[in-house]
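Student: I am attaching a structure below and will ask some questions about it afterwards.
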Amino acid sequence: MIGLLALVTVFCSRNAPTADSPYLNLADGVKYVGMETCRSCHTDIHATYIHTGMGRSFDLATPAKSAATYGPHAIVYDTVNDLYYKPFFRDSALFILEFRLEGGDTVYKRLEKVSYIVGSGQHTNSHIVDFNGYVYQAPITYYTQEKRWDLAPGFDELNERFDRFLTAECITCHNHYPQLVEGSINKYAQMPRGIECERCHGPGEIHVREKLAGQIVDTATQIDYTIVNPRKLPRDLQMDLCQRCHLQGVAVLEDDKTFFDFKPGMPLNQVMNVFLPRFSNSSEKFIMASQADRLRLSPCYQMSEMTCLTCHNPHLSVKETGRQQYNLACQNCHTTQTCTAPAATRLAMSDDCSGCHMPKSGSTDIPHVHITDHFISKTNVSGKKTTTAANSNADFLGLQILTKDNPSPLEMAKGYIAVFDKYLASPLMLDSAKWYLDRSKAPRKKQFSTLVHYHFARKDFGAIATLAAKNDPAKEADGWTAYRIGEAMYQTQNYAQAVAFYERSLALLPYQLDFHEKLAIAYVATRQIPQAIAAFEWVLKENPKRKLALTNLGYIYVSQRRFEKGEALYDKALALDPDYEQALLNKAAVRLFRNDCTGAAPLLQRILKRNPGNSQARRALAQCGG
5 MIGLLALVTV FCSRNAPTAD SPYLNLADGV KYVGMETCRS CHTDIHATYI
55 HTGMGRSFDL ATPAKSAATY GPHAIVYDTV NDLYYKPFFR DSALFILEFR
105 LEGGDTVYKR LEKVSYIVGS GQHTNSHIVD FNGYVYQAPI TYYTQEKRWD
155 LAPGFDELNE RFDRFLTAEC ITCHNHYPQL VEGSINKYAQ MPRGIECERC
205 HGPGEIHVRE KLAGQIVDTA TQIDYTIVNP RKLPRDLQMD LCQRCHLQGV
255 AVLEDDKTFF DFKPGMPLNQ VMNVFLPRFS NSSEKFIMAS QADRLRLSPC
305 YQMSEMTCLT CHNPHLSVKE TGRQQYNLAC QNCHTTQTCT APAATRLAMS
355 DDCSGCHMPK SGSTDIPHVH ITDHFISKTN VSGKKTTTAA NSNADFLGLQ
405 ILTKDNPSPL EMAKGYIAVF DKYLASPLML DSAKWYLDRS KAPRKKQFST
455 LVHYHFARKD FGAIATLAAK NDPAKEADGW TAYRIGEAMY QTQNYAQAVA
505 FYERSLALLP YQLDFHEKLA IAYVATRQIP QAIAAFEWVL KENPKRKLAL
555 TNLGYIYVSQ RRFEKGEALY DKALALDPDY EQALLNKAAV RLFRNDCTGA
605 APLLQRILKR NPGNSQARRA LAQCGG
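If you want it as structure tokens, here you go:
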């Protein structure tokens, strides 16, 4: 086991991170000017860029943006949750209807307007709903290559319906930098409409100012350090720029960094480290956004100075880039005479080097897509790899850090915990995290948040309560750590301390709605009912589609014998989720309080139909002779 846990693989030697850079636009405070400002001088480039995958990555949900087909065939059925989804346009607005049928009758329906479509349409269109600035992924996606609607990636295993929140980690790769409301994880004050120039060139304020002042640099002979030209960057920094988003793994931010802090020309590991689980079949099966990872595995990459820009022109759509352009990149090193494939094979492929040695493949994380495998090899050729099964039957080999040499034990522990949280909730991940934590020589203060996170992942709330027993909530500097300690205090029935740490978490992350709901529940436990009501009402003012807040606020009103008001909130929760067990139980309890078994029994039977193991519902139904 120790050999497994200690496995740390790295790519290659890298430039050491440095705060020094000749690029003036990497300085703090340099402002982004927006793509329209760039367009005023670079009209020709703008005209082609807006048709690229990045230029078309994100936009309002309009008929012009959608690549999907609509009509009677456009229905998706979730067999696990017995829910149907129907997308349709009405007056140029896109909607998704979620509904359930019983005996041909519609017994439940919920209609949500789609605000944004994400994806250029080359592979997919996914859909985003916006509730007062809080954005969530909708449960269905259109897969353009197969021209089919289906559940969104991952929703087949866990359909979060309209509740999968989209954090800055997600949005900042699928879109230009939005304006995140400070203290939130998924509330945005402003949402751009596609990836813009400055994501690859850096903030343009200094560049624009100098050019307008007539300070022109002859870029044929010199580098203009007011703006980043990726082709002029050293190879490692070129790759870091591309793999900020084309190296999908599990990202762990450096202390005090955010996903908005990376700029072109910086080493990626100054802002984050990226980890990827390796399995025994990882050489054959891979996730969609793994281009940089696959390329780095290639002998061509390892034996040359090639980068992404060797083959790609980011200003030109891949659909408009001729196949010969890619093959010319191959022929910089290889001639047609060196190809050892049989003549018939070469003729069938029209001597298409890249088409043969970079075959189309599926991915393990996105269904119904066919992507170019960037692992270039003599053995990885077209026709040999067609399966795309996930890693469930493969052996886990270890966690690979993709962004630096010689990571510290604490960094590896953070990586394993993050993988457990976001990707693979296996005890192996936490065993490995513990192995590294035991070997970390970092000061205890530096390890504290990671230790709390580790015990939180294990649900060892007693260990957290012991770790934080003497801590002053007001001095906790990390919102998530304060929240985790608050939850541990609540679970160990130290409700007063739970309130103190929850309140601290909200001082640091005031728009994290989950934290408000937890605080409100702790207020109830400490008999601070007016404060609990105020907290739940604030949540519902921010986002009225929070079923937990609706149900818990309804419970408070019912406990005050304000039955009509409480039941109205239960009904609102059930209109959002007809299977929400707590709302069904609470509503049934009101019926039982009134000795109305006729009204209670159908509610309890609804619970047991979906979850026969619910003992509360079974005991309550027994009271009615059921």
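Be aware that the sequence shown starts at 5, since it is given in my numbering, and climbs by one per residue. Cβ atoms here follow ideal geometry from the backbone N, Cα and C, with glycine treated the same way.
With a threshold of 16 other CB atoms inside 10 Å of the CB of R94, please say whether the residue is buried or exposed.
Tutor: exposed
Student: Please go through the same chain and pick out, in chain order, the residues whose beta-carbon is closer than 6 Å to the beta-carbon of C601, but skip the five residues on each side of it.
Tutor: Excluding sequence neighbours, C601 sits near C628.
Student: Where do the N-terminal and C-terminal ends of the alpha helix (DSSP H) with L272 fall, by residue?
Tutor: Here L272 belongs to no alpha helix (DSSP H), and DSSP marks it neither H nor E.
Student: Apart from the five residues just before and just after I79, which ones in its own chain have a Cβ nearer than 8 Å to its Cβ?
Tutor: Y88, Y89, K90 and W153
Student: Spatial neighbours of Y138 within its chain, please: CB distance less than 6 Å, with the 5 preceding and 5 following residues excluded, ordered by chain position.
Tutor: N190, K191 and N547
Student: With a 10 Å radius around its C-beta and 16 neighbouring C-beta atoms as the bar for buried, classify H250 as buried or exposed.
Tutor: buried
Student: Measure the CB-CB distance between L573 and L589 and report whether it falls below 8 Å.
Tutor: Going by beta carbons, L573 and L589 fall outside the 8 Å limit.
Student: Candidates A68, H131, T225 and L578: which alpha carbon is nearest I611's?
Tutor: Of the candidates A68, H131, T225 and L578, L578 places its Cα closest to the Cα of I611.
Student: Using the Cα positions of Q252 and C246, report the straight-line distance between them to the nearest angstrom.
Tutor: 11 Å
Student: With a CB to CB cut of under 7 Å and the five nearest residues on each side skipped, what residues in its chain are close to C204?
Tutor: P234, L245, P268 and P318
Student: Grouping DSSP H, G and I as helix and E and B as strand, with all else coil, what is Q497?
Tutor: The answer is coil: DSSP assigns Q497 none of H, G, I, E or B.
Student: Determine, using beta carbons only, whether Y420 and S430 come nearer to each other than 8 Å.
Tutor: no
Student: With H, G and I counted as helix, E and B as strand and the rest as coil, what does DSSP make of N129?
Tutor: strand
Student: Measuring alpha carbon to alpha carbon, tell me which residue in A72, T383, G630 and E164 is nearest S302.
Tutor: T383
Student: Just to confirm the assignment, what range does the alpha helix (DSSP H) spanning E449 have?
Tutor: Contrary to the premise, residue 449 reads as Lys rather than Glu in this sequence. It spans R448 to A461 - the alpha helix (DSSP H) in which K449 sits, taken as one unbroken run.
Student: In its own chain, which residues sit with a C-beta less than 7 Å from the C-beta of K576, not counting the 5 before and 5 after it?
Tutor: L554
Student: Just checking my contact of R298 with D377 at CB under 8 Å: how many whole Å lie between their CB atoms?
Tutor: 6 Å
Student: Using the DSSP secondary-structure output, state which residues sit across from I144 in a beta bridge.
Tutor: L155
Student: Near S287, what residues of its chain come up, given a Cβ to Cβ distance below 7 Å and the 5 sequence neighbours on each side ignored?
Tutor: None.
Student: Quick check on DSSP: helix, strand or coil for D240?
Tutor: Reduced to three states, the DSSP call for D240 is helix.
Student: With distances taken from CA atoms, which of M416, D167, G38 and R614 is nearest E585?
Tutor: R614
Student: Are the C-beta atoms of Q329 and some chain C residue less than 8 Å apart?
Tutor: Structure shown: chain C not included; a single protein chain is present.
Student: Give the DSSP-derived three-state secondary structure of L257 in the structure shown.
Tutor: strand
Student: Could you have a look at L612 and say whether DSSP puts it in helix, strand or coil?
Tutor: helix
Student: Should the segment 112-119 be called in touch with the segment 334-351, which here means at least 3 C-beta pairs below 8 Å?
Tutor: no
Student: Mind checking E651: buried by the 16 CB within 10 Å criterion, or exposed?
Tutor: Shown here, the chain extends from 5 to 630; a query on residue 651 therefore has no answer.
Student: DSSP three-state call for F166: helix, strand or coil?
Tutor: coil
Student: Roughly how many angstroms lie between the CA atoms of H55 and V37, to the nearest whole one?
Tutor: 21 Å
Student: So, G198 versus G59, is the Cβ gap smaller than 8 Å?
Tutor: yes
Student: Pull up the distance between the alpha-carbon of S444 and that of H459, whole angstroms please.
Tutor: 16 Å
Student: If you draw a straight line from the alpha carbon of A331 to that of F519, how long is it in whole angstroms?
Tutor: A small correction: the amino acid at residue 331 is Asn; Ala does not occupy that position in the sequence shown. Here the C-alpha atom of N331 lies approximately 54 Å from the C-alpha atom of F519.
Student: Looking only at its own chain, which residues have a Cβ that is under 6 Å from the Cβ of V221, when we skip the five neighbours before and after it?
Tutor: D228
Student: Is it true that the CB of C360 sits closer than 8 Å to the CB of V385?
Tutor: yes
Student: What residue from D86, E521, K545 and F263 has the CA that sits closest to N136's CA?
Tutor: K545
Student: Between the C-alpha atoms of K408 and N277, what's the straight-line distance to the nearest angstrom?
Tutor: 7 Å
Student: Whole angstroms is fine: what's the gap from I525's alpha carbon to F424's?
Tutor: 27 Å
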